[in-house]
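Asker: This structure is in structure tokens; I'll ask about it shortly.
In the UniProt record's numbering, the protein residues as written are 1 to 401.
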């Protein structure tokens with residue numbers, strides 16, 4: 001029989017089947033069934049059970065709840081990934097899953113959330129570095145863990161985010177962000193390729209460029225509406241894990257691992273269109289030269305194009321970011337520029353750097369590239385489009401000098 005205590009102050013039981021004392025405390029009611037909820041902790045001694053009961057009472061009094069002492073990091077990761085998959089973009093989900101699987105779970109998976117310490121976080125950082133990964137990988141995994149532990153706080157599993165108390169060391173100073181010089185930009189523009197003209201003179205993101213469809217081009221107004229971003233989604237088993245296939249991509253009932261709340265359009269295989277980074281479509285002015293180049297592309301296209309994409313592979317399938325980077329390097333070589341490490345993000349950085357050198361106001365060129373908040377700029381879209389046109393024209397003239 002439990003020892004008599006004041007109402008609401010819990011109880012102590014001797015559990016003969018386990019040979020242990022059990023401290024039990026009421027912690028509320030199930031919101032769905034209305035049944036009373038209890039929290040129980042075991043101890044080999046009566047004094048130990050009393051201490052655990054008193055600890056639960058203090059937590060309930062000071063925090064309004066009793067801390068969860070049974071959820072492990074791996075259990076939390078499963079719950080969190082399931083929750084976040086209903087909101088995040090495919091690339092974000094894939095990054096979260098990769099960090100959990102390869103970096104967080106191997107080191108912290110069996111640790112109780114309630115017992116995580118700064119030492120555990122530093123141990124994870126060290127393990128990632130020991131695997132040969134750099135500071136960027138450590139920071140990526142740490143950000144994932146921070147987000148996951150914030151979910152734990154919201155779910156009342158923990159009271160503090162220990163990862164926020166233990167940031168990774170600062171990355172060692174490395175190479176500055178690369179960009180093209182004025183002369184290199186001029187040589188690239190001389191190729192008269194709309195892809196690189198747009199990328200260099202508007203700061204167009206690779207995903208936005210690869211998602212651009214002919215219906216998004218307004219030749220009459222000379223603008224492009226950036227409504228989508230092209231990305232690759234991961235697959236998940238749709239069979240509940242019963243098909244016997246090792247990879248989800250081979251599952252006969254495979255499904256796209258995409259948020260239910262995310263607006264998206266399937267294209268082909270893993271390729272999908274999702275709303276852009278900030279979630280709000282924007283219009284950009286098309287440079288005059290690029291407009292003519294796009295007209296030529298539309299007029300003389302001979303390859304299949306089932307998705308009506310402006311830029312695509314020869315067989316009509318969507319391009320990947322790797323394709324885009326390889327195309328840029330080939331274009332640079334054709335322009336007499338040997339930059340084997342170049343990526344399409346260089347064009348975006350070049351756009352910012354060259355615009356600053358050309359004296360274009362930040363408010364003007366950031367509105368074109370989408371670096372700023374579109375929510376704040378929406379009421380002034382017409383004004384910003386006009387300013388953006390001036391910014392693009394100014395940059396074009398400066399590079400051409």
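Quick reminder that beta carbons are idealized off the backbone N, C-alpha and C, glycines included.
Hey, residue 346 and residue 180 are a contact pair by Cβ (cut 8 Å); roughly how many whole angstroms apart?
Answerer: Between residue 346 and residue 180 the beta-carbon gap is near 6 Å, inside 8 Å, which marks them as a contact.
Asker: Kindly give me the distance between the Cβ atoms of residue 195 and residue 209, rounded to whole angstroms, as I take these residues to be in contact under 8 Å.
Answerer: 7 Å
Asker: Considering only residues of the stretch 169-242, which uninterrupted beta strand (DSSP E) runs meet the minimum length of 3 residues and lie entirely inside it, listed in chain order?
Answerer: 223-226 and 229-232
Asker: Whole-angstrom Cβ separation of residue 332 and residue 188, contact assumed at under 8 Å?
Answerer: 7 Å
Asker: Provide the residue(s) that pair with residue 22 in DSSP beta bridges, ordered along the chain.
Answerer: Beta-bridge pairing links residue 22 to 13 and 42.
Asker: How big is the Cα-Cα spacing for residue 167 and residue 154?
Answerer: 21 Å
Asker: Please say whether residue 328 and residue 303 have beta carbons closer to each other than 8 Å?
Answerer: no
Asker: Are the stretch 138-146 and the stretch 95-104 touching by the rule of at least three beta carbon pairs closer than 8 Å?
Answerer: yes
Asker: Using CA coordinates, which residue listed in 227, 81 and 58 is at the minimum distance from residue 214?
Answerer: 227
Asker: Could you please give the first and the last residue of the uninterrupted beta strand (DSSP E) stretch that includes residue 253?
Answerer: No beta strand (DSSP E) holds residue 253; DSSP gives it neither H nor E.
Asker: Please name the residue in 50, 37, 127 and 29 whose C-alpha comes closest to that of residue 20.
Answerer: The option with the nearest alpha carbon to residue 20 is 50.
Asker: If you count every other CB in all the chains shown that lies within 10 Å of the CB of residue 341, and 16 or more means buried, which is it?
Answerer: exposed
Asker: I need the boundaries of the alpha helix (DSSP H) containing residue 268, first residue and last residue.
Answerer: That residue, residue 268, is in no alpha helix (DSSP H); its beta strand (DSSP E) goes 264-268.
Asker: Would you kindly work out how many angstroms separate the C-alpha atoms of residue 406 and residue 271, rounded to a whole number?
Answerer: Since the first residue of the chain shown is 1 and the last is 401, residue 406 is not available in this structure.
Asker: Can you give the Cα-Cα distance for residue 305 and residue 90, rounded to whole angstroms?
Answerer: Between the C-alpha atoms of residue 305 and residue 90 there is a straight-line separation of about 24 Å.
Asker: If you measure from the CB of residue 288, is any heavy atom of the ligand COA nearer than 7 Å?
Answerer: In the structure shown, the ligand COA is absent, as is every other ligand, since no ligand is present at all.
Asker: Can you give me the Cβ contacts of residue 289 inside the same chain, cut-off strictly under 8 Å, excluding the 5 residues immediately before and after it?
Answerer: Short of 8 Å from the beta carbon of residue 289, and not among the five residues preceding or following it, lie these beta carbons of its own chain, in chain order: 189, 192, 197 and 396.
Asker: Just to check my reading of the structure: residue 34 and residue 24 have Cβ atoms closer than 8 Å, yes? What is that Cβ distance to the nearest angstrom?
Answerer: With a Cβ gap of about 19 Å, residue 34 and residue 24 do not count as contacting.
Asker: Spatial neighbours of residue 248 within its chain, please: CB distance less than 7 Å, with the 5 preceding and 5 following residues excluded, ordered by chain position.
Answerer: 235, 236, 237 and 254
Asker: Within a Cβ cutoff of 8 Å, which residues of the same chain sit near residue 185, ignoring the five residues on either side of it in sequence?
Answerer: 200, 350, 354 and 399
Asker: To which residues does DSSP link residue 115 through a beta bridge?
Answerer: Bridge partners of residue 115: none, in fact.
Asker: Report the three-state DSSP secondary structure of residue 167 (helix, strand or coil).
Answerer: Reduced to three states, the DSSP call for residue 167 is coil.
Asker: Using C-beta distances below 6 Å, list every residue in its chain close to residue 53, excluding the 5 sequence neighbours before and after it, in chain order.
Answerer: 10 and 23
Asker: Tell me residue 156's beta-bridge partners as DSSP assigns them.
Answerer: Per DSSP, none; premise fails for residue 156.
Asker: Scan the UniProt domain "Core-binding (CB)" (71-153) and note each continuous alpha helix (DSSP H) run of 4 residues or more that stays entirely inside, going in chain order.
Answerer: 73-84, 90-99, 105-108 and 118-130
Asker: What would DSSP say about residue 380, mapped onto helix, strand or coil?
Answerer: Note that residue 380 scores a pLDDT of 33, beneath 50, so its modelled location is shaky; the value from the coordinates is reported in the next line. DSSP places residue 380 within a helical segment (H, G or I) once states are collapsed to three.
Asker: Quick test of your reading: residue 87 and residue 229, contact by CB under 8 Å. State the CB separation rounded to the nearest angstrom.
Answerer: Actually they are not in contact, since the Cβ atoms of residue 87 and residue 229 sit about 16 Å apart, beyond 8 Å.
Asker: By Cβ distance below 6 Å, which residues in the same chain neighbour residue 339 in space, the five residues on each side in sequence not counted?
Answerer: 332
Asker: From the DSSP output, read off the bridge partner residues of residue 283.
Answerer: 225
Asker: State the Cα-Cα distance for the pair residue 246 and residue 239, rounded to the nearest angstrom.
Answerer: Per the coordinates, the alpha-carbon of residue 246 lies some 12 Å from the alpha-carbon of residue 239.
Asker: Taking the alpha-carbon positions, what's the residue 135 to residue 242 distance?
Answerer: 39 Å
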